[in-house]
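In the numbering used here, the protein residues as written are 25 to 349.
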Ligand code: 2P0
């Protein structure tokens, strides 16, 4: 009747942006991600106490109404699948700033899917947990898996789940997360995606070019080709942000610190280091490099006035149930 699960956030190297089916939360394009070691959510779900409604706490505070609505909708799906009518208490802790473009919904819904189904007495296979997590947040489907994961898109007949391309031991890359603003972002990814789909003249081109990016990225990851992975990750990130900027009204998640980090990454590359950036729906910049270069890169990023803090990550593990401690 109660369970705790941990799931890690991920960064998309090829981005998901836009849905083919909003109600079933099916992405219009495939995406490929890397799960991160130090960005995680730990979620406990308890069906034991008789409650008149669900109670949800994030970092010890009651969830805001918009978050509450998404979580209750998700828990309704868990109740439908497990044929229970009990309400539950959810307590979730993030190791990093929430809703600031650092994929807290990815780790959050992955941990919730695993913990809630386990607490309700119906533990899932990773593939089924991934398909369920996707209903909460598209990127959450990928956070079920450690290492590199791919989420197919584009087929409304098929309710997709992510698949693991390579586990967290396959390629010991370093990801430095440069935090330039730790407050919640002004526009949610979900709203921003719909605005882009409806109001950007470039949306069709985004969908048309995604398949090729995914194929190239998968092959480059599997041969541990950092130069190709990095260049394509930058391209996918800039293409996605360019797409958002071209919506009406245009969406800009960046701040001056975001641009400063991008420029410093370009400087480091001119100096001969294999260093690359990617940016999700927020102002933080995730920087990829080889493990041996991490101290040099960290020093340079921390010297920038726009960088508030840096989180150092390696590839992270799959979502899992935690035994009682
Ligand atoms: C991604 N992002 O592939 C892309 C890149 C952010 C930028 O997926 O509407 O919270 O809940 O499915 O997964 C963030 O959006 O969106 C996201 P919903 P989600 O990681």
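Virtual Cβ for every residue (Gly too), placed ideally from N, Cα, C.
Keep in mind the model is a prediction, meaning the values are calculated, not measured.
Using the Cα positions of residue i and residue j, report the straight-line distance between them to the nearest angstrom.
i           : j           : result
residue 177 : residue 144 : 29 Å
residue 207 : residue 298 : 30 Å
residue 341 : residue 168 : 9 Å
residue 333 : residue 139 : 30 Å
residue 271 : residue 44  : 18 Å
residue 307 : residue 203 : 8 Å
residue 257 : residue 182 : 27 Å
residue 67  : residue 116 : 4 Å
residue 100 : residue 92  : 12 Å
residue 107 : residue 238 : 38 Å
residue 283 : residue 262 : 12 Å
residue 30  : residue 157 : 13 Å
residue 234 : residue 241 : 11 Å
residue 205 : residue 212 : 15 Å
residue 110 : residue 160 : 20 Å
residue 148 : residue 73  : 23 Å
residue 81  : residue 279 : 30 Å
residue 196 : residue 315 : 7 Å
Quick check on residue i: does DSSP put it in helix, strand or coil?
i           : result
residue 167 : helix
residue 279 : coil
residue 331 : coil
residue 253 : helix
residue 103 : helix
residue 31  : strand
residue 89  : helix
residue 113 : strand
residue 244 : helix
residue 71  : coil
residue 38  : strand
residue 95  : helix
Would residue i be called buried (16 or more neighbouring beta carbons within 10 Å of its own) or exposed?
i           : result
residue 215 : exposed
residue 222 : exposed
residue 25  : exposed
residue 76  : exposed
residue 326 : exposed
residue 246 : exposed
residue 49  : buried
residue 339 : buried
residue 296 : exposed
residue 129 : buried
residue 104 : exposed
residue 88  : exposed
residue 276 : exposed
residue 155 : buried
residue 134 : buried
residue 94  : buried
residue 274 : exposed
residue 32  : buried
residue 319 : exposed
Within its chain, find whatever has a CB closer than 7 Å to the CB of residue i; leave out the 5 residues flanking it on each side and keep chain order.
i           : result
residue 119 : 62, 63, 64
residue 191 : 170, 171
residue 324 : 288, 292
residue 251 : 298
Within 9 Å (strictly less), CB to CB, does residue i reach chain D?
i           : result
residue 208 : The question asks about chain D, but that chain is absent: this structure has only one protein chain.
Using C-beta distances below 8 Å, list every residue in its chain close to residue i, excluding the 5 sequence neighbours before and after it, in chain order.
i           : result
residue 36  : 55, 56, 57, 163, 166, 260, 302, 304
residue 264 : 39, 41, 230
residue 285 : 202, 204, 301, 309, 311, 325, 328, 330, 331
Consider the C-beta atom of residue i and the heavy atoms of the ligand COA; say whether any pair is separated by less than 8 Å.
i          : result
residue 41 : The ligand COA is not part of this structure, which contains only the ligand 2P0.
CB-CB under 6 Å to residue i, same chain, minus the five flanking residues each way: which ones, in chain order?
i           : result
residue 187 : 174
residue 113 : 70, 79
residue 310 : 35, 199, 201, 302
residue 224 : 267, 270, 271
residue 337 : 60, 61, 62, 199
Whole alpha helix (DSSP H) elements within the region 127-152, 4-residue minimum = 128-143
query = Whole alpha helix (DSSP H) runs in the region 153-236 with 4 or more residues, listed along the chain?
reply = Within the region 153-236, the alpha helix (DSSP H) runs of at least 4 residues that lie entirely inside it are, in chain order, 164-167, 213-223.
ask   = At which residue ranges does the region 281-347 contain complete beta strand (DSSP E) runs of 3 or more residues, listed in the order of the chain?
value = Counting whole runs of 3 or more residues, the region 281-347 contains the beta strand (DSSP E) stretches 299-302, 309-313, 333-337, 344-346.
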